[in-house]
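Residue numbers (full-length UniProt numbering), protein chains in the order written: chain L, 1 to 348; chain B, 1 to 186. C-beta atoms are modelled at their ideal positions from N, C-alpha and C, and glycine is treated no differently. The structure appears below as structure tokens.
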Amino acid sequence: MSERDLIELLDRQSRGDLSHQETIQLEEALKHPEMRAAAEKHGVLLSQLHAYGKRQALHTMMDSLHETIDEQKPKGKRVFLRKAYWPIAGIAASIALISVIFTWSLNQSVQDKMEEYKELRLEVQRIEKSQNAIVKEIKEKEKAIQPSRYSGTGFFISSKGYLVTSYHVVKDADSVYIENGAVGNHKAEVIYLDALSDLALLKVVSDTFEMKTSIPFLIRTAEADLGEEVYTLGFPREDIVFGEGSISALTGYRQNPTAYQISIPVNPGNSGGPLLNSKGDLIGVISGIQTKLTGAAFAVKSTSLYEVVKNDSIHETIPLPRQNTMRGNRVDQVKKWKDLVVMVRVYN
Amino acid sequence: MNYNSDDLIIAEIRKHNQMALRELYRAHYPMVRNLITNNSGSEQEAKDVYQEAVIVFYEKLQRADFVLTCKIKTYLYAVCRRLWLKRLAEKKMYTGNIESLETFLGVEDEVNDVEEKALAFKKMQVALGGLGEPCKTIITDFYIGDLGMEEIAIKFGYTNSDNAKNQKYKCLQRLKKLFFADDKRN
Chain L
1 MSERDLIELL
11 DRQSRGDLSH
21 QETIQLEEAL
31 KHPEMRAAAE
41 KHGVLLSQLH
51 AYGKRQALHT
61 MMDSLHETID
71 EQKPKGKRVF
81 LRKAYWPIAG
91 IAASIALISV
101 IFTWSLNQSV
111 QDKMEEYKEL
121 RLEVQRIEKS
131 QNAIVKEIKE
141 KEKAIQPSRY
151 SGTGFFISSK
161 GYLVTSYHVV
171 KDADSVYIEN
181 GAVGNHKAEV
191 IYLDALSDLA
201 LLKVVSDTFE
211 MKTSIPFLIR
221 TAEADLGEEV
231 YTLGFPREDI
241 VFGEGSISAL
251 TGYRQNPTAY
261 QISIPVNPGN
271 SGGPLLNSKG
281 DLIGVISGIQ
291 TKLTGAAFAV
301 KSTSLYEVVK
311 NDSIHETIPL
321 PRQNTMRGNR
331 VDQVKKWKDL
341 VVMVRVYN
Chain B
1 MNYNSDDLII
11 AEIRKHNQMA
21 LRELYRAHYP
31 MVRNLITNNS
41 GSEQEAKDVY
51 QEAVIVFYEK
61 LQRADFVLTC
71 KIKTYLYAVC
81 RRLWLKRLAE
91 KKMYTGNIES
101 LETFLGVEDE
111 VNDVEEKALA
121 FKKMQVALGG
131 LGEPCKTIIT
141 DFYIGDLGME
151 EIAIKFGYTN
161 SDNAKNQKYK
171 CLQRLKKLFF
181 ADDKRN
């Protein structure tokens, strides 16, 4: 007997129109375990179907009833204040009013103080601007010869053409060009700006760009030590300029924890240059000077740079240098570094 | 007809008197609506909860051994209240301990029952929905509507009832597959 026949028999049995012979046939079939299992499954499904049917009918009935109920929605009762309560209500209302006014005026005075603070902060920002802006402004008359408006320093962190410079060097840029003796003059694109850490990432976009050497230095992820000897390379003028000094404080301008104070004489144009330790590893990026203090310059820590490079909002993965292949003394290091440091020209 | 006494209503519902059930439904809905709309529920939610409660009451009444120990109103209120608290707890809007609340009526079984049955109902609804037409109608006509094979054959234009039987069998197999699909996965 097939399962189809079995189910046919079962269905007819449930309606009570099975002949005697068929009943025997069915009983015989149910002796087989598979048939029994199929019959049980059928039974379960049927009981579920019946339950479904009953429930469905009830739901239909109730839904139709519900429509008639919804029409007789009770109207909201209006509650009027009794006359006796009017004075109390009046007092309550005036207390509420007074407290509202009081809170409001309190808020006002707090806001006033905030305003004072804000103004002060604005000034700080202005000071900070004058601090940081050691972007070299090229005079108008020189513009004919040299049309770039600003210049700063930058350096490669990947042989794929990724460079780091300061945010304030390229922030207003329409177009950016990089240039040094080793790679020549190339157009670059700003791919990331971070005003907070004063860092910017550039990428060389010209097709002719090629860099044969790999990056020989590491980006230090640990902080430098106080008194550590450091040096930098930069373009405060048309030629690359070396400067040396030491870490004079582990915080920057106004206790900024993301920067170092360094004792390297830097000039406008040095912004964005690499700050290097005795091994030739990168420990910071030159960012600014304090105008009223002699010999105080600041550099953004390489730890901030590391965070910026690893930032998720940069959609390109920048292959970072893995090991330091610098050998020899500082002169040898500078020879290698010289090719990695570029002048960043900004046009706007 | 006016059913004032609970006993009369129960007796009539047990006789499958639709009027009595309607009367019952109509009588107690406003109470449940107030309960739920005053406790961060919507009208729709009130309706759902109330219908579940009425169904569970109706099904309980079908059992001969069921004895109502309180007024219908109280019973429905207790079931609805508990159901609603449970829904709120699922929505993380109620953080109290439901278990500690009025256990005197012993409606926990009802509430669990409601949920089980509502789940089974939903499951069958989905399975039948997945079946599509004409299968759905053939199955419901035959097994729920108790229509004869000949009537179904005429309704769907099958040349004889054997063809209709074949079709019914195919539909049934598909429904089995759909309905028991979840069980197999578990």
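- Taking 9 Å as the Cβ-Cβ cut-off, the segment 44-55 of chain L approaches chain B at Val44, Leu45, Leu46, Gln48, Leu49, His50, Ala51, Tyr52, Gly53, Lys54, Arg55, given in chain order.
- Assignment of beta-bridge partners to Leu61 of chain B by DSSP yields no partner.
- At a beta-carbon threshold of 8 Å, none of the residues of chain L lie near Tyr158 of chain B; the nearest stands roughly 15 Å away.
- Under the DSSP assignment, Gln13 of chain L falls in the alpha helix (DSSP H) whose first and last residues are 3-14.
- Using a Cβ-Cβ distance cut-off of 8 Å, the segment 276-283 of chain L and the segment 180-187 of chain L are not in contact, since fewer than three pairs of beta carbons, one from each stretch, lie closer than that value.
- The shortest C-alpha to C-alpha distance from Arg220 of chain L to any of L:Glu229, L:Ser19, L:Thr303 is the one to L:Thr303.
- Of all C-beta pairs linking the segment 16-32 of chain L to the segment 42-50 of chain L, fewer than three are shorter than 8 Å, placing the two stretches out of contact.
- When 8 Å is used as the limit between beta carbons, Ile7 of chain L is near these residues of chain B: Tyr169, Leu172, in chain order.
- In its chain, beyond the 5 residues on either side, Val164, Leu199, Ile219, Val285 have a beta carbon closer than 7 Å to the beta carbon of Leu305 of chain L.
- Counting every other CB atom within 10 Å of its CB across the protein chains shown gives Ile91 of chain L a total below 16, marking it as exposed.
- Taking a Cβ-Cβ cut-off of 7 Å, the neighbours of Ile55 of chain B in chain L comprise Arg55, Leu58, given in sequence order.
- Annotation for Pro30 of chain B: the continuous alpha helix (DSSP H) segment containing it runs 18-37.
- In this structure, L:Asp174 is the residue among L:Asp174, L:Gln261, L:Tyr260, L:Ala259 with its C-alpha nearest to the C-alpha of Asn348 of chain L.
- Pairing Lys47 of chain B with Arg81 of chain B, the inter-Cα distance amounts to about 13 Å.
- Taking a Cβ-Cβ cut-off of 9 Å, the neighbours of Leu175 of chain B in chain L comprise Leu45, Leu49, given in sequence order.
- Trp337 of chain L is a Cβ neighbour of Leu233 of chain L, given a cutoff of 8 Å.
- Relative to Phe217 of chain L, the option among L:Lys203, L:Val341, L:Glu244, L:Gly245 whose CA is nearest is L:Val341.
- Straight across, the Cα-Cα distance linking Leu49 of chain L with Ile138 of chain B is about 13 Å.
- One thing to note: Met211 of chain L has its Cβ within 8 Å of the Cβ of Val183 of chain L.
- Distance from the CA atom of Phe156 of chain B to the CA atom of Asp5 of chain L, rounded to whole angstroms, is 22 Å.
- Look at the segment 6-23 of chain B: the residues with a C-beta under 9 Å from a C-beta of chain L are Gln18, Leu21, Arg22.
- Against chain L, the beta carbon of Lys117 of chain B has neighbours under 8 Å at Ala51, Arg55, listed in chain order.
- Here Gly130 of chain B carries a helix assignment [DSSP, helix/strand/coil].
- Taken in chain order, the members of the segment 41-65 of chain B whose beta-carbon sits within less than 7 Å of a beta-carbon on chain L are Lys47, Gln51, Val54, Ile55, Tyr58.
- Counting along the chain, the unbroken beta strand (DSSP E) around Ser248 of chain L starts and ends at 241-249.
- Scanning its chain for C-beta atoms nearer than 8 Å, with the 5 sequence neighbours on each side dropped, one finds around Asp332 of chain L the residues Met326, in chain order.
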